[in-house]
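Line order of the protein sequences matches chains H and A. Per the working numbering: the first sequence ends with 432, consecutive numbering throughout. Per the working numbering: the second sequence ends with 432, consecutive numbering throughout. The beta carbon of each residue, even a glycine, is placed where N, CA and C say it ideally should be. For reference, the structure discussed in these notes is given below.
Protein chains: 2
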Amino acid sequence: MWVYVKDLKKHIGQEVELKGWVWRSRSSGKIAFINLRDGTGIVQVVVEASSVSTDTFQNAKKLRMESSLIVKGTVKEEARAPGGVEIHAKEVIPLQIPKEDFPINKPDHSIEYLMDHRHLWLRSRRQMHILNIRDAVLKGIRKFYWENGFIQIDTPIFTGAIGESAGNLFEIDYFDYGKVYLAQTGQLYLEAACMALGKVYNLGPTFRAEKSKTRRHLIEFWMNEAEVAFYEHEDNLKLQENLVSYIVKFVLENAAEHLHALKRDISKLEKIEPPFPRITYTEAVKLLQKKGFNIQWGDDFGGDEETEIAKQFEKPVFVTHYPRKAKAFYMQPDPENPDVVLCDDLIAPEGYGEIIGASQRIHDYNLLIERLKEFNLPIDAYDWYLDLRKFGSVPHSGFGLGVERTIAWIAGLEHIREAIPFPRTLYRIHP
Amino acid sequence: MWVYVKDLKKHIGQEVELKGWVWRSRSSGKIAFINLRDGTGIVQVVVEASSVSTDTFQNAKKLRMESSLIVKGTVKEEARAPGGVEIHAKEVIPLQIPKEDFPINKPDHSIEYLMDHRHLWLRSRRQMHILNIRDAVLKGIRKFYWENGFIQIDTPIFTGAIGESAGNLFEIDYFDYGKVYLAQTGQLYLEAACMALGKVYNLGPTFRAEKSKTRRHLIEFWMNEAEVAFYEHEDNLKLQENLVSYIVKFVLENAAEHLHALKRDISKLEKIEPPFPRITYTEAVKLLQKKGFNIQWGDDFGGDEETEIAKQFEKPVFVTHYPRKAKAFYMQPDPENPDVVLCDDLIAPEGYGEIIGASQRIHDYNLLIERLKEFNLPIDAYDWYLDLRKFGSVPHSGFGLGVERTIAWIAGLEHIREAIPFPRTLYRIHP
Ligand SMILES: [Mg+2]
Ligand SMILES: [Mg+2]
Chain H
2 MWVYVKDLKK HIGQEVELKG WVWRSRSSGK IAFINLRDGT GIVQVVVEAS
52 SVSTDTFQNA KKLRMESSLI VKGTVKEEAR APGGVEIHAK EVIPLQIPKE
102 DFPINKPDHS IEYLMDHRHL WLRSRRQMHI LNIRDAVLKG IRKFYWENGF
152 IQIDTPIFTG AIGESAGNLF EIDYFDYGKV YLAQTGQLYL EAACMALGKV
202 YNLGPTFRAE KSKTRRHLIE FWMNEAEVAF YEHEDNLKLQ ENLVSYIVKF
252 VLENAAEHLH ALKRDISKLE KIEPPFPRIT YTEAVKLLQK KGFNIQWGDD
302 FGGDEETEIA KQFEKPVFVT HYPRKAKAFY MQPDPENPDV VLCDDLIAPE
352 GYGEIIGASQ RIHDYNLLIE RLKEFNLPID AYDWYLDLRK FGSVPHSGFG
402 LGVERTIAWI AGLEHIREAI PFPRTLYRIH P
Chain A
2 MWVYVKDLKK HIGQEVELKG WVWRSRSSGK IAFINLRDGT GIVQVVVEAS
52 SVSTDTFQNA KKLRMESSLI VKGTVKEEAR APGGVEIHAK EVIPLQIPKE
102 DFPINKPDHS IEYLMDHRHL WLRSRRQMHI LNIRDAVLKG IRKFYWENGF
152 IQIDTPIFTG AIGESAGNLF EIDYFDYGKV YLAQTGQLYL EAACMALGKV
202 YNLGPTFRAE KSKTRRHLIE FWMNEAEVAF YEHEDNLKLQ ENLVSYIVKF
252 VLENAAEHLH ALKRDISKLE KIEPPFPRIT YTEAVKLLQK KGFNIQWGDD
302 FGGDEETEIA KQFEKPVFVT HYPRKAKAFY MQPDPENPDV VLCDDLIAPE
352 GYGEIIGASQ RIHDYNLLIE RLKEFNLPID AYDWYLDLRK FGSVPHSGFG
402 LGVERTIAWI AGLEHIREAI PFPRTLYRIH P
């Protein structure tokens, strides 16, 4: 019976069949050891010359790194083994033994080399742990929305030239229609959908033709956006801190072994629970000035500023009430000070930077027209978006969470490129 | 306390606040009725002149379709009402009353008109039911993979020119790199990932620059692909019939009210359980010839052929063992007849067409090289894909499920364009 490594503990004393690859192997005289991986874990297979056929023992000795094989044997309890079990082999059947050394076999390959071999690098333990954490983060996001009555609305990738910043868009020739663009956000569509369904979210790939080459940027990344009718700024902040806390808790409960394997300091993640600290943009500027940053009210924050702000807190921190002119046209002004808007950036601890951008949206038709003009945006292109303010407009709020940045923070990765299976950066679309 | 319509039954006798939009309203003399929708349901609000202020009663009479409003009132049990409750209003607070008639207010708008107003059309009951069914289908897909030990691997959208059919690709200028293409499939990447993680799946948008204008085609659609190391043709068929049966059951259990509202014949869906019938391509050709179709062995099936085959069965039917030359280069030949391959198309009942394309993949390096040559494909572009056959190659299989086609079938939709929130077709990318 074919059993996965992760399930071996349920089969102690039984004869099973394992299918996988050689992680490491060694032999000496009358005994061979194969560390077999199958994607769910690694188990040690013991092959004793005295208890198998000559063929099987010869097969076991021939194996090399990443040979594929089938092993038949008995599951034995073994307290000293990592998974608590080992396999006493009866039969070892090689499927394919590589003719060359496996390309990823040294501890000091350059990052360029590793990325060139991403299709094979995925088999390393570190990458398997990261991908399992990614899987848990994505599950956590979904479960949060499922439990909170949100409907998934998949927003389109092909769009006209509307969105946040028309600058960094990828263009496509669309049949006889002319140019279309790859969406940088589904927000405007989610705004339409939340007027139909109340609470909606998306989760999918996003594209930014930005010539940034930092450890926090990808050209193709995943984003989760949510939008809720009748939510105002305060509701929006609570939703975000609940979501982020839920994700972290979910990963701690479901992927702790992978965090441990990456030597992530779990105690830092265990502190992540609502409420999150909040400071206004204006307070943040004062704080940065006091720390010696050359920054003026009205400037946007870069990575260094975000890191300095985050350092003051053990949890993610909301920076709220940015200057209207530094943010997108659709943000609702603060009724107490129309120079700032009801928005927030959520900055992760430990220097991982902004993981959420959020705001209450303008719901007044005339104010929105005024802002489109102030930002020199083509009013015609926003025809349907303006309709939402003509037919039963209501206050509403939402946000976008960067999935890879969230993964990088939770897993404790130095660079975001490891947080996605096949990263696309400025100079890389292969493999 | 703000309560959603779907939760009203838990608040019978209590005073609540509802936030939403006017679905329909009418008044006569001393009484007004407002059907309020909030995205989770519709409830009747009764406003009696004798029990509210003059302002509130005047407000209630002023309301028109899609006005946004807040209602405060008491929840009363009312067996004759659709949700079993109605609201006796204390206060009616209009938020925004449209100056124009709501654009979607007649039963006979043309499909072009409705699609031009998709951002508002989403508020119609029919579209809300469909989007709830879509949400349930997507949840069902995920839960299946979660329960069966699969890891989500998000495959890239930006890719080099490799994939199934280089014909229908959208092109992008990628910085100094040159042309890149929007992926039509993540299969090749999933093949790499399944060698690392065993069982993997994706679920995301896919793009096909195909000038098809049928009720089964979208330019941008969602696809779910899965790939499993060590799975052969037979395992692959079982995985597919289990997945599809799971999705249907999940929707029946979690979205039955929405199926009923669309008048879907539930009894047809209740029959969907494993095993699914199977016929070979060769048998299907004979069947079609007997029915008078002008088709020869070697031809591919179109929509009409698929519908005729599907008519013979009450469940989805697997058509297996297609001619090698009619399918993609990477399919494993049948050991008993190398002119056909170990593949299947799963054809939905009731004329909904192909919802899955699947195959066992070639795992032998030399055979794969031979096929690349036979199909005139550039071997260089497949360098990393070929690596998978050099380092621990194993038999493996997978498939791709068309999400919108699956939704169209389950919801009983005539056209696939209603199965996605913002459809992109040959002539439409707006709104
Ligand atoms: Mg920022
Ligand atoms: Mg077909």
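Opposing strand residues paired with residue i [DSSP bridges]
{"i": "Leu-349(A)", "result": "It should be noted that the sequence gives Ala, not Leu, for residue 349(A). For Ala-349(A), which the question treats as bridged, DSSP gives the partners Gly-354(A)."}
{"i": "Leu-1(H)", "result": "Nothing can be reported for residue 1(H), as the shown portion of chain H is limited to 2 through 432."}
{"i": "Tyr-247(A)", "result": "Answer is none; Tyr-247(A) lacks a bridge partner."}
{"i": "Thr-321(H)", "result": "Thr-281(H), Asp-345(H)"}
{"i": "Gln-361(A)", "result": "Ser-398(A)"}
{"i": "Gln-97(A)", "result": "Ser-69(A)"}
{"i": "Thr-426(H)", "result": "Arg-429(H)"}
{"i": "Pro-334(H)", "result": "Val-342(H)"}
{"i": "His-89(H)", "result": "Val-47(H), Thr-75(H)"}
Span of the alpha helix (DSSP H) around residue i
{"i": "His-130(A)", "result": "126-148"}
{"i": "Trp-500(H)", "result": "Residue 500(H) falls outside the range modelled here, since chain H spans only 2 to 432, and no answer is possible."}
{"i": "Glu-78(H)", "result": "From DSSP, Glu-78(H) is part of no alpha helix (DSSP H) but of the beta strand (DSSP E) over 69-78."}
{"i": "Arg-390(A)", "result": "384-391"}
{"i": "Phe-58(A)", "result": "55-63"}
{"i": "His-416(A)", "result": "That residue, His-416(A), is in no alpha helix (DSSP H); it is neither H nor E in DSSP."}
Endpoints, beta strand (DSSP E) assigned at residue i
{"i": "Val-286(H)", "result": "It is not in any beta strand (DSSP E) - Val-286(H) instead sits in the alpha helix (DSSP H) that spans 282-291."}
{"i": "Ile-273(A)", "result": "Counting along the chain, Ile-273(A) falls outside any beta strand (DSSP E), and DSSP gives it neither H nor E."}
{"i": "Ile-43(A)", "result": "43-49"}
{"i": "Phe-314(H)", "result": "No beta strand (DSSP E) holds Phe-314(H); DSSP gives it neither H nor E."}
{"i": "Tyr-366(H)", "result": "Careful: Tyr-366(H) lies outside any beta strand (DSSP E), inside the alpha helix (DSSP H) at 366-375."}
{"i": "Met-224(A)", "result": "221-230"}
{"i": "Trp-24(A)", "result": "16-29"}
{"i": "Phe-208(A)", "result": "200-208"}
{"i": "Tyr-114(H)", "result": "No beta strand (DSSP E) holds Tyr-114(H); the alpha helix (DSSP H) holding it covers 112-117."}
{"i": "Val-174(H)", "result": "Strictly speaking, residue 174(H) in this sequence is Asp, with Val absent from that position. 172-175 is the span of the beta strand (DSSP E), which, as asked, contains Asp-174(H)."}
{"i": "Asn-36(A)", "result": "32-38"}
C-beta contact flag for residue i and residue j at 8 angstroms
{"i": "Val-47(A)", "j": "Val-72(A)", "result": "no"}
{"i": "Val-201(H)", "j": "Glu-235(H)", "result": "no"}
{"i": "Tyr-331(H)", "j": "Ile-363(H)", "result": "yes"}
{"i": "Val-93(A)", "j": "Thr-57(A)", "result": "yes"}
{"i": "Ile-88(H)", "j": "Val-23(H)", "result": "no"}
{"i": "Ser-54(H)", "j": "Lys-31(H)", "result": "no"}
{"i": "Val-76(H)", "j": "His-120(H)", "result": "no"}
{"i": "Ile-248(H)", "j": "Gly-413(H)", "result": "no"}
{"i": "Gly-161(H)", "j": "Ala-409(H)", "result": "no"}
{"i": "Ala-193(H)", "j": "Leu-123(A)", "result": "yes"}
{"i": "Thr-41(H)", "j": "Gly-199(A)", "result": "yes"}
{"i": "Lys-328(A)", "j": "Cys-344(A)", "result": "yes"}
{"i": "Pro-336(A)", "j": "Tyr-282(A)", "result": "no"}
{"i": "Leu-219(A)", "j": "Glu-351(A)", "result": "no"}
{"i": "Gly-205(A)", "j": "Gly-403(H)", "result": "no"}
{"i": "Gln-153(H)", "j": "Gly-399(H)", "result": "no"}
Any non-hydrogen atom of ligand 4 closer than 7 angstroms to residue i Cβ
{"i": "Pro-157(H)", "result": "This structure simply doesn't include ligand 4; it includes ligand 1 and ligand 2 instead."}
Do the segment 261-278 of chain A and the segment 292-311 of chain A make contact, defined as three or more Cβ pairs closer than 8 angstroms?
no
Counting only Cβ-Cβ distances shorter than 8 angstroms, please list the residues of the segment 133-161 of chain H near chain A, keeping chain order.
Asn-133, Arg-135, Asp-136, Leu-139, Lys-140, Arg-143, Trp-147, Gly-150, Ile-152, Gln-153, Ile-154, Asp-155, Thr-156, Pro-157, Ile-158, Phe-159, Thr-160, Gly-161
Does the pairing of the segment 90-105 of chain A with the segment 370-380 of chain A give three or more beta-carbon distances under 8 angstroms?
no
Along the segment 313-342 of chain A, where does the CB come closer than 7 angstroms to a CB of chain H? Name the residues.
none
In the segment 217-242 of chain A, which residues sit with their C-beta less than 8 angstroms from some C-beta in chain H, listed in chain order?
Ile-220, Glu-221, Trp-223, Ala-230, Phe-231
Using a Cβ-Cβ cut-off of less than 8 angstroms, list which residues of the segment 31-48 of chain A approach chain H; keep chain order.
Asp-39, Gly-40, Thr-41
When Cβ atoms are compared, which residues of the segment 374-395 of chain A fall closer than 9 angstroms to chain H?
Asp-384, Trp-385, Tyr-386, Asp-388, Leu-389, Arg-390, Lys-391, Phe-392, Gly-393, Ser-394, Val-395
Under 9 angstroms (Cβ pairs) to chain H, residues found in the segment 164-183 of chain A
Phe-171, Glu-172, Ile-173, Asp-174, Tyr-175, Phe-176, Asp-177, Tyr-178, Val-181, Leu-183
Chain H contacts from the segment 195-220 of chain A (Cβ-Cβ distance under 8 angstroms):
Cys-195, Met-196, Ala-197, Leu-198, Gly-199, Lys-200, Gly-205, Pro-206, Phe-208, Ala-210, Lys-212, Ile-220
Mind checking the segment 122-133 of chain A against chain H and listing, in chain order, the residues whose C-beta falls within less than 8 angstroms of any C-beta there?
Leu-123, Arg-124, Gln-128, Met-129, Leu-132, Asn-133
Check whether the segment 250-262 of chain A and the segment 126-146 of chain A are in contact - that is, three or more C-beta pairs closer than 8 angstroms.
yes
Chain H contacts made by the segment 278-291 of chain A, where a contact means CB separation under 9 angstroms:
none
Between the segment 386-406 of chain H and the segment 354-368 of chain H, do three or more beta carbon pairs fall short of 8 angstroms?
yes
Counting pairs of Cβ atoms below 8 angstroms between the segment 253-262 of chain H and the segment 419-429 of chain H, do you hit three or more?
no
Got a sec: which bits of the segment 415-432 of chain H sit with their beta carbon under 9 angstroms from any beta carbon on chain B, in order along the chain?
Within the model displayed, chain B is absent; protein chains H and A are what it includes.
What residues in the segment 56-70 of chain A bring their beta carbon closer than 7 angstroms to a beta carbon of chain H?
Glu-67, Ser-68, Ser-69
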